[in-house]
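Undergrad:
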Amino acid sequence: MWGEHIERLKMRTVPIEKVEQEAEDVKTFVFIDEACLSAKPGQYIMVWAPGVDEIPMSLSIINRGGFSAVTIRKVGEATEALHKKERGDLIGVRGPFGNGFEPVKGRCLLVGGGTGVAALAPLAEELLSRESEICFILGGRSRNLLIFLNRLQTLLSGRGELLVTTDDGSYGLQCLASEGTKRIMEEKPFDVVYTCGPEPMMLEVFKKAERHGIPVQASLERLFKCAVGLCGSCAIGEFRVCVDGPIFNSKQLRSIAEEFGKTRLDASGRRIKVDK
Amino acid sequence: MLSAGILGITAPLLKRVYEGGAGAVVTKSIGPKPRPGHPNPTVVALEYGLLNAMGLPNPGADGFSEELRSLKGLAVPVVASIFGERVEDYVEVAGKLSDAGAVAIEINCSCPTVREIGLLGQDPDMIEDVTRAVKRSVDIPVFTKLTPNVADVAEMAEAAKRGGADGVTAVNTLKAMAVDIESCRPVLANTTGGLSGPALKPVALRCVWEIAESVDIPIIGCGGVSDWRDAVEFLLCGASAVQMGTAIMHRGVDIFSSIASGVEAYLRRKGFRSVKEVVGRAHRTA
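Protein chains in written order, with the working numbering: chain A, 53 to 328; chain B, 361 to 646.
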């Protein structure tokens with residue numbers, strides 16, 4: 053029992069193979085790691101910037117010719133330290149952790165905002181390999197902050213629909229991704245909605261899907277410390293986001309309605325408001 | 361029982377673990393004020409255990425009292441784990457959490473991840489003082505949790521008994537560390553932390569054994585319990601109850617009911633009429 057999945061749980065220190073600039077403040081860090089090759093879309097790893105901090109990141113590339121990657125926006129101390137890293141520098145990885153998305157064969161709507169797109173891109177690849185129909189809404193504040201535009205255009209060309217929204221109208225439709233979701237749901241039927249991005253956006257997407265009776269799988273984020281279901285720092289309702297999630301279905305989202313999009317725990321375990 | 365430091369930070373999680381079959385649940389250690397704990401990495405998974413240096417993150421006695429009150433009417437037996445830097449801190453926190461509905465107090469004077477707290481549990485006079493002060497301030501049972509990081513754990517149990525403890529929990533984690541050979545630095549942000557899980561079990565069993573040999577006080581065994589056999593081993597060495605935490609990492613929160621039914625089946629198979637017949641039984645044959 054003990055030791056069965058231990059390699060996945062242990063920290064592996066690996067060199068960065070490649071760094072790609074995705075947007076002004078977003079970079080993708082490519083690395084090689086055995087355990088990450090068999091990850092499911094939506095699973096995450098803990099990324100260690102040695103000597104600085106360790107943070108959870110969805111895998112944005114899963115086994116592309118043996119490579120995996122995380123895509124990171126510069127928002128704080130840990131991400132700044134990671135952004136300074138170059139090819140050959142070391143990072144620590146633990147995982148993959150969490151449940152991952154459940155692929156559905158049918159008409160799939162994917163709604164990604166900001167770096168949330170990182171978790172959805174590998175899912176889109178997986179869904180296409182299962183011959184699902186995809187409509188992907190890619191949202192960002194403005195054109196220079198959109199990530200994976202080229203990757204998604206290439207992926208979905210002739211095989212799916214891509215709808216881009218920007219808050220300032222500098223590219224695609226000028227509206228929030230959740231507004232784009234509302235419009236497309238009124239036009240077409242879907243069997244499932246996958247979403248990852250800012251929590252207020254996901255809450256809006258969830259509400260709209262509920263109105264249309266479409267099941268949702270949403271990727272939530274909370275403060276992760278242990279990532280193995282022990283410390284409780286990522287609690288939401290009776291769930292631990294780190295192992296019971298990070299993907300939550302509609303039934304679960306209904307049961308945590310008091311907290312989803314509203315409150316989270318800070319590092320000390322006090323309830324605070326979710327960032328707008 | 362669910363051990364301290366694991367999941368017991370919100371009411372819904374405490375309830376979930378209780379419903380998963382735990383006889384009682386111990387909260388994360390609560391101090392007088394909110395405390396964010398140490399930065400990450402805070403855990404390191406090992407072949408036969410887990411290292412952690414959470415650094416006692418907690419929302420403070422006032423914040424956590426609200427959380428506890430939300431369990432009122434649900435009959436979840438909550439043992440409040442408490443810590444502080446001074447004896448007065450322990451008394452203050454014990455009072456608040458007792459008022460909020462805790463059924464017992466567990467004094468954490470032995471956390472190896474925070475220096476000031478860890479040292480307290482290595483001094484028998486301090487253990488006695490803090491136990492006595494807390495015991496006098498509340499009307500509910502008081503357990504003192506002991507550290508294995510001492511030369512003579514029985515001496516610490518004796519001190520807790522002198523202070524009036526209703527029982528001792530043995531043991532807390534063992535001070536330890538991990539180093540990464542690629543980046544050539546310690547992994548834990550706090551450098552050192554506490555070792556739990558199967559690697560700790562033989563040490564914890566020995567501590568329970570030594571306490572049972574020389575001190576007449578109820579013992580709650582803790583350290584590396586992963587299945588019902590481990591639980592029985594603790595009972596045989598002298599524990600009247602067992603706690604577990606790290607095993608949830610591999611076996612989930614349902615582990616509690618499977619351990620309880622495993623121990624029951626063992627009792628039946630061996631012809632024991634109750635757990636009492638097993639507690640300390642190995643001492644009679646040693």
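The C-beta atom is built at its ideal place from N, Cα and C for all residues, glycine as well.
Can we count H610 of chain B as close to the ligand GTP, meaning its CB is less than 8 Å from some heavy atom?
TA: What this structure holds is no ligand at all, so the ligand GTP is not there to describe.
Undergrad: Given a limit of 9 Å on CB to CB distance, which residues of the stretch 271-291 of chain A reach chain B?
TA: Per Cβ criterion, the list reads F276, K277, C278, A279, V280, G281, L282, C283, G284, S285, A287, I288, G289, E290, F291.
Undergrad: Where do the ends of the alpha helix (DSSP H) carrying E466 of chain B lie?
TA: Taking the second sequence and counting its residues from 1, the one referred to as residue 466 of chain B is at position 106. Where E466 of chain B is concerned, there is no enclosing alpha helix (DSSP H), although the beta strand (DSSP E) it sits in stretches over 464-468.
Undergrad: Measuring straight from C-alpha to C-alpha, what distance separates L137 of chain A and P102 of chain A?
TA: Along the first sequence, one-based indexing puts residue 137 of chain A at 85. Along the first sequence, one-based indexing puts residue 102 of chain A at 50. Just to set this straight, residue 137 of chain A is Lys in the shown sequence, not Leu. Taking the straight line joining both Cα atoms gives about 11 Å.
Undergrad: Quick one: what does DSSP say D502 of chain B is sitting in, helix, strand or coil?
TA: Your numbering for residue 502 of chain B matches position 142 in the second sequence. Correcting the residue type first, residue 502 of chain B is Val in the shown sequence and not Asp. V502 of chain B: strand per DSSP, three-state reduction.
Undergrad: Can you tell which of B:E542, B:T551, B:G524, B:W569 has its C-alpha closest to the C-alpha of V531 of chain B?
TA: Taking the second sequence and counting its residues from 1, one reaches residue 531 of chain B at position 171. V531 of chain B has its Cα closest to that of B:W569, out of B:E542, B:T551, B:G524, B:W569.
Undergrad: When the Cα atoms are used, what is the spatial distance from A536 of chain B to T65 of chain A?
TA: For the purposes of this step, residue 536 of chain B is taken as residue 176 along the second sequence, with counting starting at 1. For the purposes of this step, residue 65 of chain A is taken as residue 13 along the first sequence, with counting starting at 1. Approximately 20 Å between the Cα atoms of the pair.
Undergrad: If K344 of chain A and H135 of chain A are in contact, beta carbons under 8 Å, what's the gap, nearest whole angstrom?
TA: Because chain A in this structure spans residues 53 to 328, residue 344 of chain A falls outside the shown range and cannot be described.
Undergrad: Residues of chain B with CB closer than 7 Å to the CB of E106 of chain A, please, in chain order.
TA: Counting from one through the first sequence, the residue named residue 106 of chain A turns up at place 54. The answer, in chain order, is N400, P401.
Undergrad: Classify L204 of chain A: buried if its beta carbon has 16 or more other beta carbons within 10 angstroms, exposed otherwise.
TA: Looking up residue 204 of chain A in the first sequence gives position 152. L204 of chain A is buried by the Cβ-count criterion.
Undergrad: Among all the DSSP beta bridges, which residues are the ones paired with L555 of chain B?
TA: In the second sequence, residue 555 of chain B corresponds to position 195, counting from 1. For L555 of chain B, which the question treats as bridged, DSSP gives the partners B:L411, B:L534.
Undergrad: Would the beta-carbon of G192 of chain A fall within 9 Å of that of T218 of chain A?
TA: Indexing the first sequence from 1 puts residue 192 of chain A at position 140. Indexing the first sequence from 1 puts residue 218 of chain A at position 166. Yes, the pair counts as a contact, with Cβ atoms nearer than the cut-off.
Undergrad: Which chain A residues sit within Cβ distance under 8 Å of G368 of chain B?
TA: Translated into the one-based positions of the second sequence, residue 368 of chain B becomes position 8. Here the neighbours are G284.
Undergrad: Between A:T167, A:S112, A:D141, A:L111, which lies nearest to V363 of chain A when the distance is taken from Cα to Cα?
TA: Because chain A in this structure spans residues 53 to 328, residue 363 of chain A falls outside the shown range and cannot be described.
Undergrad: Distance cutoff 9 Å, beta carbons only. Does A87 of chain A sit that close to anything in chain D?
TA: Absent from the structure: chain D. Protein chains present are A and B.
Undergrad: Would G557 of chain B pass as a contact of T473 of chain B if the rule is Cβ separation under 9 Å?
TA: Looking up residue 557 of chain B in the second sequence gives position 197. Looking up residue 473 of chain B in the second sequence gives position 113. The answer is no: Cβ separation not under 9 Å.
Undergrad: Using a Cβ-Cβ cutoff of less than 6 Å, which residues in the same chain neighbour A279 of chain A once the five nearest sequence positions on both sides are dropped?
TA: Residue mapping note: residue 279 of chain A aligns to position 227 of the first sequence, counting from 1. Excluding positions up to five away in sequence, the list reads M98, F149, C294.
Undergrad: What are the boundary residues of the beta strand (DSSP E) that includes L111 of chain A?
TA: Position 59 of the first sequence, counting from 1, holds the residue named residue 111 of chain A. From DSSP, the beta strand (DSSP E) with L111 of chain A extends over 105-116.
Undergrad: Going by beta-carbon coordinates alone, are T529 of chain B and A413 of chain B separated by less than 9 Å?
TA: Along the second sequence, read from residue 1 onward, the residue named residue 529 of chain B stands at position 169. Along the second sequence, read from residue 1 onward, the residue named residue 413 of chain B stands at position 53. Result no, Cβ atoms of T529 of chain B and A413 of chain B do not sit closer than 9 Å.
Undergrad: Would you mind telling me which residues of chain A sit closer than 7 Å to V404 of chain B, beta carbon to beta carbon, in chain order?
TA: Position 44 of the second sequence, counting from 1, holds the residue named residue 404 of chain B. Within chain A, the residues near V404 of chain B are M63.
Undergrad: Quick one: list the residues of chain A neighbouring P562 of chain B, beta-carbon separation under 9 Å, in chain order.
TA: The residue you call residue 562 of chain B lines up with position 202 of the second sequence. Chain A residues near P562 of chain B: none, gap ~14 Å exceeds 9 Å.
Undergrad: Under 9 Å between C-beta atoms, does G144 of chain A make it to chain B?
TA: In the first sequence, counting from the first residue as 1, residue 144 of chain A sits at position 92. Yes, because at least one Cβ of chain B sits closer than 9 Å to the Cβ of G144 of chain A.
Undergrad: Could you work out which residue in B:E379, B:P578, B:A572 is closest to A642 of chain B when comparing CA atoms only?
TA: As a first step, residue 642 of chain B is located in the second sequence; it is residue number 282 there, counting from the start. The option with the nearest alpha carbon to A642 of chain B is B:A572.
Undergrad: Chain A partners of R545 of chain B, CB-CB under 9 Å?
TA: Locating residue 545 of chain B in the second sequence gives position 185, where the first residue counts as 1. Neighbours of R545 of chain B on chain A, chain order: P102, G103.
Undergrad: Mind pulling the chain A residues with CB within less than 7 Å of P394 of chain B?
TA: Indexing the second sequence from 1 puts residue 394 of chain B at position 34. The answer, in chain order, is S320, R322.
Undergrad: Measuring alpha carbon to alpha carbon, tell me which residue in B:N418, B:S600, B:V404 is nearest D540 of chain B.
TA: Residue mapping note: residue 540 of chain B aligns to position 180 of the second sequence, counting from 1. Of the candidates B:N418, B:S600, B:V404, the one whose C-alpha sits nearest the C-alpha of D540 of chain B is B:V404.
Undergrad: Pick helix, strand or coil for D540 of chain B, following the three-state DSSP scheme.
TA: Residue 540 of chain B sits at position 180 when you count from the first residue of the second sequence. In this structure, D540 of chain B counts as strand in the three-state DSSP scheme.
Undergrad: Between S389 of chain B and the rest of its own chain, which residues show a CB-CB distance below 7 Å, the 5 nearest in sequence each way excluded?
TA: By one-based count along the second sequence, residue 389 of chain B stands at place 29. Closer than 7 Å at the Cβ level, and outside the excluded window around S389 of chain B, lie A364, G365, L416, N418, S441, I442, F443, N468, C471.
Undergrad: Take D141 of chain A and list the residues in its own chain whose beta-carbon comes closer than 6 Å to its own, dropping the five residues that flank it on each side.
TA: In the first sequence, counting from the first residue as 1, residue 141 of chain A sits at position 89. Hits under 6 Å: I68.
Undergrad: According to the neighbour-count rule (16 or more other Cβ atoms, all chains shown, within 10 Å of its Cβ), is Q269 of chain A buried or exposed?
TA: Taking the first residue of the first sequence as 1, we reach residue 269 of chain A at position 217. Buried: at least 16 other Cβ atoms inside 10 Å.
Undergrad: Give the straight-line distance between the Cα atoms of D590 of chain B and G598 of chain B, rounded to the nearest whole angstrom.
TA: Against the second sequence, residue 590 of chain B aligns to sequence position 230. Against the second sequence, residue 598 of chain B aligns to sequence position 238. D590 of chain B and G598 of chain B: Cα-Cα distance of roughly 13 Å.
Undergrad: When you compare the CB of M237 of chain A with every CB in chain B, is at least one pair closer than 9 Å?
TA: Here residue 237 of chain A refers to the residue found at position 185 when the first sequence is read from its first residue. It does not; no Cβ of chain B falls within 9 Å.
Undergrad: Classify H398 of chain B: buried if its beta carbon has 16 or more other beta carbons within 10 angstroms, exposed otherwise.
TA: Your numbering for residue 398 of chain B matches position 38 in the second sequence. It is buried - the Cβ of H398 of chain B has at least 16 other Cβ atoms within 10 Å.
Undergrad: On the three-state DSSP scale, how would you describe L362 of chain B?
TA: Here residue 362 of chain B is taken as the residue at index 2 of the second sequence, counted from 1. Strand.
Undergrad: If we call anything under 9 Å between Cβ atoms a contact, is G612 of chain B one with G289 of chain A?
TA: Start at 1 with the first residue of the second sequence, and residue 612 of chain B comes out as number 252. Start at 1 with the first residue of the first sequence, and residue 289 of chain A comes out as number 237. No, Cβ-Cβ distance for G612 of chain B and G289 of chain A is not below 9 Å.
Undergrad: Which first and last residues belong to the alpha helix (DSSP H) in which A625 of chain B is found?
TA: As a position in the second sequence, residue 625 of chain B is number 265, starting the count at 1. Where A625 of chain B is concerned, the enclosing alpha helix (DSSP H) stretches over 615-630.
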